[in-house]
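Read through the structure below, which is laid out as structure tokens, and then see the notes.
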Amino acid sequence: MTLSVKAKSIIGVALAVIFTFIGVQTVSSASVKADEGKLSAGQQQEVKGILKEMLLNDPDLLKEAIIAMQVREQGSQKASAKSLIKQYQQALFNTKTDPWKGAESPDVTMVYFTDFNCPYCKKLEPELEKLIAEFPQLKIIIKMVPLQGQSAVEAVELAQTVWLNEPEKYLALKKTLMAAPRRLDSATIAKVAKLTHTQKWLGKNDSRVDAIVDENLQLMRQLGLRGTPSMIIGEQIIPGLVPFETLKQEVEKALKAQG
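Numbering (this note's numbering), first residue to last: 718 to 976.
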């Protein structure tokens, strides 16, 4: 098809409309709307024909636009994560009631949201142990959230109470609870408490625990996290189960950023 002069003159507008529609900001929205308003019904039909033929003849055009959109979204997500981490830095990194493991005076701190009934959290536990073994300068702050049932609530209440009152017993308790192959129940939690010599804290309604759990849940919502496991490393928010190599790379990046 041979394009008319008029058609050629409005191709730029048409492409701008397409790119803006799929989220690629090539021109300002105001400019696009103004140019759209100048097109007659006949010109709009001509534009549709031009675009259809362009996409049929060069499918990579749309692919390139989608890639550009994804790059832009990734950049936006990184900027958003950095901003959120900075905004909630105190709640993330400086809460004295949070359990932790690893370096007491760390070069890098990771925040880890976890649920005792989360199967993906259970799978992640050995990877976190490997991470601490490989990076002795790493500290992991543990924020427990009961998202999966009443037994998760009971487990968090016990674990958080133990941390507040006998912190030296917390890590053994947590490890044993996480080692349970299935969802916890009251009987299993009681058995684990006996094995870890923490049974005296079963059913102890420490008023501080409810407040801590509520704060953790609120923080998840504020960060836009929808489930567990979720992690914060450096300026990155990492939702879901990820390979050890991904965690390792993020810790290395955070260490490098520290200089």
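The beta carbon of each residue, even a glycine, is placed where N, CA and C say it ideally should be.
Note that the coordinates shown come from a computational prediction; the quantities given were computed from them, not determined experimentally.
Contact criterion: CB-CB distance below 7 Å. Does Ile906 meet it with respect to chain E?
This model lacks chain E altogether; it includes just one protein chain.
Cβ-Cβ separation, Leu855 to Gly819 (assumed contact under 8 Å), whole Å:
Stepping through the sequence shown from its first residue, residue 819 is reached at position 102. Stepping through the sequence shown from its first residue, residue 855 is reached at position 138. Between the beta-carbon of Gly819 and that of Leu855 there is about 5 Å, and that keeps the pair under the 8 Å contact cut.
Member of Ala872, Leu934, Glu952 and Met937 whose CA lies at the smallest distance from the CA of Trp1008
Because the chain is modelled from 718 through 976, residue 1008 falls outside the range shown and cannot be assessed.
Quick check on the DSSP output: what are the complete alpha helix (DSSP H) runs of length 4 or more inside the segment 827 to 907, in order along the chain?
836 to 851, 867 to 882 and 887 to 896
Local conformation of Ser924 per DSSP, three classes
Here residue 924 refers to the residue found at position 207 of the sequence shown. DSSP places Ser924 in helix when its eight states are reduced to three.
I need the boundaries of the alpha helix (DSSP H) containing Lys759, first residue and last residue.
The count along the sequence shown starts at 1 and reaches residue 759 at position 42. Going by the sequence as given, residue 759 is Gly instead of Lys. First-last of the alpha helix (DSSP H) with Gly759: Ala758 to Asn774.
Per DSSP, what are the beta-bridge partners of Pro956 in this structure?
Looking up residue 956 in the sequence shown gives position 239. Bridge partners of Pro956: Ser947.
Would Phe1016 pass as a contact of Glu844 if the rule is Cβ separation under 7 Å?
The requested residue 1016 is not part of the displayed model; the chain covers only 718 to 976.
Return helix, strand or coil for Lys666, following the three-state DSSP convention.
No answer is possible for residue 666: it lies beyond the span of the chain, which begins at 718 and ends at 976.
What separation, rounded to the nearest whole angstrom, lies between the Cα atoms of Gln935 and Ile950?
The residue you call residue 935 lines up with position 218 of the sequence shown. The residue you call residue 950 lines up with position 233 of the sequence shown. Roughly 19 Å between the two C-alpha positions.
Lys921 burial status per 10 Å Cβ neighbour count (16 or more: buried)
Your numbering for residue 921 matches position 204 in the sequence shown. Lys921 is exposed by the Cβ-count criterion.
Buried or exposed: Thr814, going by 16 or more other Cβ atoms within 10 Å of its Cβ?
Position 97 of the sequence shown, counted from the first residue, corresponds to residue 814. It counts as exposed.
Would you kindly work out how many angstroms separate the C-alpha atoms of Pro760 and Ile767, rounded to a whole number?
The residue given as residue 760 occupies position 43 in the sequence shown. The residue given as residue 767 occupies position 50 in the sequence shown. Here residue 760 is Gln; the residue named in the question, Pro, does not match the sequence. Near 10 Å, if we compare the C-alpha coordinates of Ile767 and Gln760.
Along the chain, where does the alpha helix (DSSP H) containing Thr963 start, and where does it finish?
In the sequence shown, residue 963 corresponds to position 246, counting from 1. Element bounds for Thr963: Phe961 to Gln975.
CA nearest to the CA of Phe830, picked from Lys965, Ala910 and Gly941:
As a position in the sequence shown, residue 830 is number 113, starting the count at 1. When each option's Cα is compared against that of Phe830, the closest is Gly941.
If you draw a straight line from the C-alpha of Arg678 to the C-alpha of Val764, how long is it?
The structure shown does not extend to residue 678, since the chain is modelled only from 718 to 976, so the question has no answer here.
Distance between Glu952 and Leu912 (C-alpha atoms, nearest Å):
What you label residue 912 is simply residue 195 of the sequence shown in a count that begins at 1. What you label residue 952 is simply residue 235 of the sequence shown in a count that begins at 1. Each residue's alpha carbon lies about 39 Å from the other.
If you draw a straight line from the C-alpha of Gln966 to the C-alpha of Glu885, how long is it?
The residue you call residue 966 lines up with position 249 of the sequence shown. The residue you call residue 885 lines up with position 168 of the sequence shown. Spanning the two alpha carbons is a distance of roughly 30 Å.
Count the other CB atoms, across all protein chains shown, that sit within 10 Å of the CB of Pro898; report buried if there are 16 or more and exposed otherwise.
Taking the sequence shown and counting its residues from 1, the one referred to as residue 898 is at position 181. Pro898 should be labelled exposed.
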